[in-house]
Amino acid sequence: MASRSPSPEFSPLSIGEDFTPVPTYKTASTTSIDFSGLLQPPLQLHEDLKTGCGGQLWPAGMVLAQQMLRYHRDALKDARILELGAGGGLVGLAVAMGCRVDHSIYVTDQQNMFELMGKNISLNGLESRVKALVLNWGEALPAEVLKEKPNVILAADCVYFEPAFPLLLSTLADLLDLCAEAVIYFCFKKRRRADMQFMKSAKKRFVIGEIKDEDRETFSREGLFLYTFKRKP
Ligand SMILES: C[S@@+](CC[C@H](N)C(=O)[O-])C[C@H]1O[C@@H](n2cnc3c(N)ncnc32)[C@H](O)[C@@H]1O
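Using the working numbering, the letters of the sequence shown correspond one by one to residues 2 to 234.
Following this line, the structure appears as structure tokens:
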């Protein structure tokens with residue numbers, strides 16, 4: 002299925018002056034990630050940029066995964082978890098491996114990331130607990146999602162391509178409409194001034210809370226922000 006949503010290109014040449022550096026191209030490889038000792042055995046993550054920028058892990062993904070492993074290990078037993086813009090599945094897979102979760106976890110992205118998400122699910126033997134799904138922001142939510150009504154949404158490094166901002170906001174709003182008590186754990190890295198426009202729009206639509214994290218001082222120095230979004234009453 003071809004995606005109809007605009008999809009960002011990974012082109013270092015397109016970076017504006019006020020961009021901070023994005024990850025550089027690497028050749029495809031598989032690495033073990035233990036999230037600063039928080040995950041044993043470590044996650045095996047295959048990274049391959051040939052089908053899109055989500056093919057490698059991004060800094061906000063690391064921060065969000067560590068937050069979930071450090072503070073939510075035992076609080077997600079009954080949670081119905083969905084990850085947006087999962088890329089290779091970094092955050093959702095880390096949660097599946099390191100947190101007690103009874104329901105299947107959905108890792109979602111555009112069609113071009115589907116194969117890589119599947120590969121990483123298999124690499125870690127998580128086929129029975131994690132499902133890859135195509136979910137294009139700004140489009141109708143897939144039937145599985147409508148049925149599952151996720152109440153924990155993970156989104157890391159999904160703010161990086163301005164034309165996709167309204168699409169992402171609309172999907173976040175759809176998910177909060179679908180499940181009124183859902184919490185979105187949202188981590189992003191500010192790279193351009195425009196990224197703050199995303200947060201301004203988000204503040205108008207959702208209740209935003211800052212998340213406590215022992216690494217906050219360190220990652221905020223690097224322009225990384227960690228928030229919860231909830232439905233406005
Ligand atoms: C910068 S990557 C982040 C990957 C991963 N969450 C991480 O932190 O390592 C952003 C992801 O958003 C996905 N994405 C971009 N536009 C999208 C859209 N319109 N619908 C769904 N996913 C989209 C990309 O395919 C990519 O995998």
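For each residue, glycine too, the CB sits at the ideal point set by N, CA and C.
- With a cut-off of 8 Å on the beta carbons, I'd call S202 and L155 a contact; round off their distance for me. Actually they are not in contact, since the Cβ atoms of S202 and L155 sit about 20 Å apart, beyond 8 Å.
- Alpha carbon to alpha carbon, how far is D75 from K204? Straight-line Cα distance between these residues: approximately 29 Å.
- Message: Once the 5 residues before and after E163 are set aside, which same chain residues still bring their CB inside 7 Å of it?
- Response: Excluding sequence neighbours, E163 sits near A195.
- Given V135, which residues of its chain have a CB within under 8 Å of its CB, disregarding the five upstream and five downstream residues? Residues of the same chain with a CB within less than 8 Å of the CB of V135, apart from the 5 flanking positions on each side, are M2, S4, T109, D110, Q111, Q112, F115 and P143 in chain order.
- Query: P22 to K191, Cα distance in whole Å?
  - Reply: A caution first: P22 carries a pLDDT of 47, below 50, which makes its placement in the model too unreliable to give a value.
- Check whether the Cβ of A157 lies closer than 7 Å to any heavy atom of ligand 1, and answer yes or no. Result yes, Cβ under 7 Å from ligand 1.
- Message: Bridge partners for I209 per DSSP, in chain order?
- Response: I209 pairs with F230.
- Message: Ignoring anything shorter than 3 residues, give me the beta strand (DSSP E) runs that lie fully in the segment 167-199, in order along the chain.
- Response: Listed in chain order, the complete beta strand (DSSP E) runs (minimum 3 residues) inside the segment 167-199 are 184-190.
- Task: Taking only the alpha-carbon atoms, compute the straight-line gap between E48 and S30 and give it to the nearest angstrom.
- Result: Between E48 and S30, the C-alpha separation is close to 6 Å.
- Message: Considering only DSSP beta bridges, list what Q45 is partnered with.
- Response: Q45 is bridged to S33.
- Message: ligand 1 and G119: does any heavy atom of the ligand fall closer than 7 Å to the residue's C-beta?
- Response: No.
- Should the segment 173-181 be called in touch with the segment 98-109, which here means at least 3 C-beta pairs below 8 Å? No, they do not touch.
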